[in-house]
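When we follow numbering that gives the first Met the number 0, the leftmost residue of the sequence shown carries the number 0, and every step to the right adds one. For every residue, glycine included, the Cβ atom is placed at its ideal position computed from N, Cα and C. For reference, the structure is listed below as structure tokens.
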Amino acid sequence: MKGYQLLIAAVVLGVLAAFALNVSNRMADFEVYWRGASRAAAAEPLYRADDEHYRFKYLPAFAVLTIPLSFVPLPAAKVAWFAGSASAALLVLLICISVRLLPERRRPTALLALIGVVVLGKFFGHELILGQVNLLFGVLAGAAFLTMRAGNESAAGVLLAVTVAIKPYGLLFMPWLVARGKLSSVVAAVVTGVVVALLPVAIYGFSETIALHQAWWNTVTETTPSNLLNPDNVSFASMWVKWLGAGTAATSLAIISGVAALGAAVLVFL
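Right under this line is the structure:
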């Protein structure tokens, strides 16, 4: 058996054991996705204050895209999501894509992938326990970059647009996509983005879809301040609030840090 096959087998066996022993009664974030999908399937409101900390904060399109999850009971859906996130379908795929994107590989792919698992294993494990969607986001983004390397700009644009539906911070890719000057990827991203944004119309109707997006924005802006002190929040805004406390200084420094980071990315990658 080849090295990468052994790696895949080890990961699959490990995560299945972890699920059986410790994870099946957790995955709080996945429960939010499943509940949102169930509500979308029934054309019910997605954003409810009575959900308290575990409020649905994703775009309406995400709830529509995940409707198939609601077709099975929550325990079975957890098993499927955990297996998909932790198996070769996502976790190993994300690692292998990341290795392939390295500009100058001087070591075997299997070795680099193993190092990635060892170094980042704690964080991968935390994502799996929460039932988060970040692994899927990473796979889609990594696949987009690989398709760019292969010269398929349209497919890359589609994939990056879908990342926005998974998590809105996929929008951060869009200025870079435009700055690259490849029209086909930009057009594909715009068209896909419009289609994805209109997905809820088929269930809720046009006016209610607009209302859903307004409710999403209100939910995000209302809940963000309380989440800045969460240990899992590693944003610039969270960093400055944790150091300085909430206020104008922390907000200003977060904006400056974000602009500086984007500027550095432009200098390095463009």
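Reduced DSSP secondary structure (H/G/I, E/B, other) of Gly257: Of the three classes helix, strand and coil, the one that applies to Gly257 here is helix, per DSSP.
For the structure I just gave you, are there three or more beta carbon pairs, one from the segment 174 to 193 and one from the segment 37 to 48, closer than 8 Å? no
Decide yes or no for the touch test of the segment 26 to 44 against the segment 139 to 156: beta carbon pairs closer than 8 Å, at least 3 of them. no
Among the residues of its own chain, which have a CB less than 6 Å from the CB of Thr191, if the five just before and after it don't count? Val157, Ala160
If Leu243 sits next to Pro59, beta carbons under 8 Å apart, how far is it from one beta carbon to the other, in whole angstroms? That belief does not hold up - the Cβ atoms of Leu243 and Pro59 are roughly 35 Å apart, past 8 Å.
Identify every run of the alpha helix (DSSP H) within the segment 175 to 256, keeping only runs that are complete inside it and at least 4 residues long; order them along the chain. 182 to 197, 200 to 203, 205 to 226, 235 to 243
Pick out whichever of Arg25, Val240, Ile209, Thr65 has its Cα sitting closest to the Cα of Tyr32. Thr65
Contact between the segment 250 to 258 and the segment 230 to 242 is defined here as three or more beta-carbon pairs at a separation below 8 Å; is this criterion met? Yes: the two stretches touch, three or more of their Cβ pairs being nearer than 8 Å.
Extent of the continuous alpha helix (DSSP H) run through Thr65: For Thr65, no alpha helix (DSSP H) segment is defined, and its DSSP state is neither H nor E.
Exposed or buried, which one is Ala215 when buried takes at least 16 other CB atoms within 10 Å? The sequence as given places Trp at residue 215; Ala does not occur at that position. Residue burial is scored here from C-beta neighbours: Trp215 has at least 16 other C-beta atoms within 10 angstroms and is therefore classed as buried.
By Cβ distance, which residues of its chain are closer than 6 Å to Gly169, with the 5 residues on each side in sequence left out? Thr162, Val163
When we look at the beta-carbon of Gly262 and count the other beta-carbons within 10 Å, is it buried (16 or more) or exposed? exposed
CB contact flag (Asp28, Gly124, <8 Å): no
Where Leu113 falls: helix, strand or coil (DSSP): helix
Nearest candidate by alpha-carbon position, reference Thr222, set Arg25, His52, Glu43: Comparing Cα positions, the closest option is His52.
Given that a residue counts as buried once 16 or more other Cβ atoms are within 10 Å of its Cβ, and exposed if not, what is Leu135? Per the 10 Å Cβ criterion, buried.
Quick check: what's the CA-CA separation for Ala264 versus Ala41? 43 Å
Shortest alpha-carbon distance to Pro44 belongs to which of Pro199, Ser251, Asn229, Leu68? Pro199
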